[in-house]
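Reviewing the structure listed below.
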Amino acid sequence: MSRTVLTFGTFDVFHVGHLRVLERAASLGDRLVVGVSADALNIKKKGRAPVFSQGERLAIVSALRVVDQVFVEESLEAKRDYLVEHGADVLVMGDDWAGKFDEYADVCEVVYLPRTPAISTTAIIEHIADM
Ligand code: C2G
């Protein structure tokens, strides 16, 4: 039986921390599906649009060797539906989300992976702004 891993993220200004979490997520199964958050969801959640548009972020993530399928995450509340729809056996998130998705343990295994230290989209944006 093939094991499907599902993860969610914005993946804005794609960096090595994003790559590492996707590589580690992929290693937990046979197929990696990634829900890339919609521009509208980011505006609602963070009060600003991502630097790279949803179409650009989807193009980058779907081009990665470890990623088998991508879809747009339109709503945070639809997680359970996305997990069921994509037949997820494992939900993987970085440990900045530790504990936040435990409610889905009835539909799949829930795993939190340690974040890659010292890199974030916000830090990159601030670094460039200071140059
Ligand atoms: N990440 C990581 N190490 C970093 C930065 C990010 O492992 N240094 C991981 C995060 O923990 C997350 C993934 O990369 O699992 C994507 O991070 P973001 O783009 O910041 O995603 P976020 O905005 O948290 O969106 O429904 C949940 C949201 O869509 C998650």
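Take the sequence shown: its position 107, counting from 1, is numbered 128 in our numbering, and each next residue is one higher. Beta carbons are placed, not taken as given, at the ideal position from N, Cα and C, and that holds for glycine.
> Between the C-alpha atoms of residue 146 and residue 29, what's the straight-line distance to the nearest angstrom?
Replying inline: The count along the sequence shown starts at 1 and reaches residue 146 at position 125. The count along the sequence shown starts at 1 and reaches residue 29 at position 8. Residue 29 has its alpha-carbon roughly 21 Å from the corresponding atom of residue 146.
> When the Cα atoms are used, what is the spatial distance from residue 48 to residue 152?
Replying inline: The residue labelled residue 48 in the question sits at position 27 within the sequence shown. The residue labelled residue 152 in the question sits at position 131 within the sequence shown. Cα to Cα, residue 48 sits roughly 37 Å from residue 152.
> How about residue 88 and residue 34: are their beta carbons less than 8 Å apart?
Replying inline: The sequence position of residue 88 within the sequence shown is 67, counting from 1. The sequence position of residue 34 within the sequence shown is 13, counting from 1. By the CB criterion at 8 Å, residue 88 and residue 34 fall outside the cutoff.
>> Using C-beta distances below 8 Å, list every residue in its chain close to residue 128, excluding the 5 sequence neighbours before and after it, in chain order.
In response: Numbered from 1 along the sequence shown, position 107 holds the residue referred to as residue 128. Answer for residue 128: 101, 104, 105 and 109, listed in chain order.
> The alpha helix (DSSP H) with residue 78 in it runs from where to where?
Replying inline: By 1-based counting over the sequence shown, the position of residue 78 is 57. In this chain, the alpha helix (DSSP H) harbouring residue 78 covers 75 to 83.
>> Nearest by alpha-carbon distance to residue 131: which of 114, 74 and 81 is it?
In response: Within the sequence shown, residue 131 is the residue found at index 110, counting from 1. Of 114, 74 and 81, the residue nearest in Cα terms is 114.
>> Rounding to the nearest angstrom, what Cα-Cα distance links residue 139 and residue 36 in this structure?
In response: For this step, residue 139 is matched to residue 118 along the sequence shown. For this step, residue 36 is matched to residue 15 along the sequence shown. Each residue's alpha carbon lies about 11 Å from the other.
> Ends of the alpha helix (DSSP H) at residue 26?
Replying inline: Position 5 of the sequence shown, counting from 1, holds the residue named residue 26. Where residue 26 is concerned, there is no enclosing alpha helix (DSSP H), although the beta strand (DSSP E) it sits in stretches over 25 to 30.
> Exposed or buried, which one is residue 58 when buried takes at least 16 other CB atoms within 10 Å?
Replying inline: Position 37 of the sequence shown, counted from the start, is the residue given in the question as residue 58. Classification for residue 58: buried.
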